[in-house]
């Protein structure tokens, strides 16, 4: 039986709409309820709902909820109010498998993530960082075969790297992967492997160590992110991953991003170049 698919253009009160959608998901657990923010930055308008209910309701009241938050997140030169869903805040709230936090880079993995969310026999909130630039990026494609078969992959391996040549392993999450892959191709840097962390929480430690084991000649492990050093997933990954990680990111910043498009592009370029120069 074909299910009902409904899209609603909600009002611009994040606090009200997330509260309503959380209640809807609670009352109708067999419905895949999704709230998509205009930009992930605006999710802070619903911070009370996120703190009080989304992240802690199961621990406090033993009730489950499968609400999905799609939060556009990506440094694309659109300014400090249109760049960051504050990934670091969600990761700070993660414990006891209270939610899933993901940042998918392929349509197939995103589809399988949503499918898994609905087919599970329990309900937990799902928070997805969703870069807008990937909507039209030609390389961010999946085949019908990949969509029709398979499952969600929390870690995506580097299928182009030759393990014996690799001396540097770079971990990243989200759209930065494509920029790093393009730079690697431009430089002919076949000594670099790029591993994508698609699910940040719960983190699949075993899968990460299996990836590391593929590269016996690796001498350096890098966590690369486009968020400033005091934001993003860096401090979380440093705590979770049992590896001597080196951070490559913009410098710590009070604002999430520069208000200047040119400065933003320059910072992004510097980050990408530094991944390959250190």
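In my numbering, the protein residues as written are 667 to 944.
Glycine included, each C-beta is placed from N, C-alpha and C at the ideal position.
Item to complete: For the alpha helix (DSSP H) containing residue 828, list its first residue and its last residue.
Response: Taken as a continuous stretch (DSSP letters only), residue 828 belongs to no alpha helix (DSSP H), as it is neither H nor E.
Worksheet item: Comparing alpha-carbon positions, which option in 933, 928 and 739 lies nearest residue 915?
Response: Of 933, 928 and 739, the residue nearest in Cα terms is 933.
Fill in: Nearest candidate by alpha-carbon position, reference residue 922, set 931, 893 and 928
Closest by C-alpha distance to residue 922, out of 931, 893 and 928, is 893.
Worksheet item: Around the C-beta of residue 752, are 16 or more other C-beta atoms found within 10 angstroms, so that it is buried, or is it exposed?
Response: Its Cβ being crowded by 16 or more others within 10 Å, residue 752 is buried.
Worksheet item: Start and end of the beta strand (DSSP E) containing residue 702?
Response: That run of the beta strand (DSSP E) goes 700-702.
Fill in: Neighbour-count burial assignment, residue 900, 16 or more Cβ in a 10 Å radius
Burial call: buried.
Practice prompt. Could you name the residues that DSSP lists as bridge partners for residue 838?
Written response: Among the bridge pairs identified by DSSP, residue 838 is matched with 862.
Worksheet item: Opposite residue 867 in the DSSP bridges: which residues?
Response: The partner list for residue 867 (beta bridge, DSSP) reads 767.
Worksheet entry | Cross-strand partners of residue 1016 (DSSP beta bridge) | Only positions 667 to 944 of the chain appear in this structure, which leaves residue 1016 out of reach.
Worksheet item: Run through DSSP, which three-state label would residue 734 get?
Response: Looking at residue 734 - three-state DSSP - the assignment turns out to be strand.
Worksheet entry | Residues that residue 795 bridges to, as DSSP identifies them | DSSP output for residue 795 lists 737 as bridge partner(s).
Worksheet item: Is the segment 749-763 close to the segment 802-822, with three or more CB pairs under 8 Å?
Response: Too few Cβ pairs lie closer than 8 Å, so no.
Practice prompt. Could you tell me how far apart the beta carbons of residue 841 and residue 797 are, in whole angstroms, since I believe they sit closer than 8 Å?
Written response: About 4 Å separates the beta carbon of residue 841 from that of residue 797, a gap short enough to meet the 8 Å contact definition.
Worksheet entry | Extent of the continuous alpha helix (DSSP H) to which residue 744 belongs | Membership of residue 744 in any alpha helix (DSSP H) is not indicated, and neither H nor E is assigned to it by DSSP.
Worksheet item: Can you tell me the Cα-Cα spacing of residue 736 and residue 822, whole angstroms?
Response: Whole-angstrom Cα-Cα distance: 21 Å.
Discussion item. Rounded to the nearest angstrom, what separates residue 819 and residue 924 at their Cα positions?
Written reply: Straight-line Cα distance between these residues: approximately 33 Å.
Worksheet item: Buried or exposed: residue 828, going by 16 or more other Cβ atoms within 10 Å of its Cβ?
Response: Per the 10 Å Cβ criterion, exposed.
Worksheet item: Taking DSSP as the reference, what is the three-state secondary structure of residue 821?
Response: Here residue 821 sits in strand by DSSP.
Worksheet item: Taking the alpha carbon of residue 748 as the point to measure from, which residue in 708, 792 and 757 has its own alpha carbon closest?
Response: Distances from the alpha-carbon of residue 748 to those of 708, 792 and 757 put 708 closest.
Worksheet item: Which word fits residue 905, buried or exposed, when buried means at least 16 other C-beta atoms lie within 10 angstroms of its C-beta?
Response: Residue environment: residue 905 is assigned as exposed (fewer than 16 neighbouring CB atoms within 10 Å of its CB, all protein chains considered).
Item to complete: Taking 8 Å as the cut-off, decide whether the C-beta atoms of residue 740 and residue 778 are in contact.
Response: It is not a contact, given that the beta carbons lie outside the stated cut-off.
Worksheet item: In terms of residue numbering, what span does the alpha helix (DSSP H) encompassing residue 903 cover?
Response: Annotation for residue 903: the continuous alpha helix (DSSP H) segment containing it runs 900-906.
Worksheet item: Which word fits residue 848, buried or exposed, when buried means at least 16 other C-beta atoms lie within 10 angstroms of its C-beta?
Response: So residue 848 ends up on the exposed side.
Discussion item. If distances are taken between C-alpha atoms only, which option among 683, 700, 874 and 839 comes closest to residue 862?
Written reply: Answer by Cα proximity: 839.
Practice prompt. Using three-state DSSP, classify residue 897 as helix, strand or coil.
Written response: DSSP, reduced to helix, strand and coil, places residue 897 outside both helices and strands of the structure shown, so it counts as coil.
Worksheet item: Just reading off the alpha helix (DSSP H) that residue 672 is part of, what are its end residues?
Response: Neither: residue 672 is in no alpha helix (DSSP H) and is coded neither H nor E.
Discussion item. Determine whether the beta carbon atoms of residue 768 and residue 864 lie at a separation below 8 Å.
Written reply: Yes. Within cutoff.
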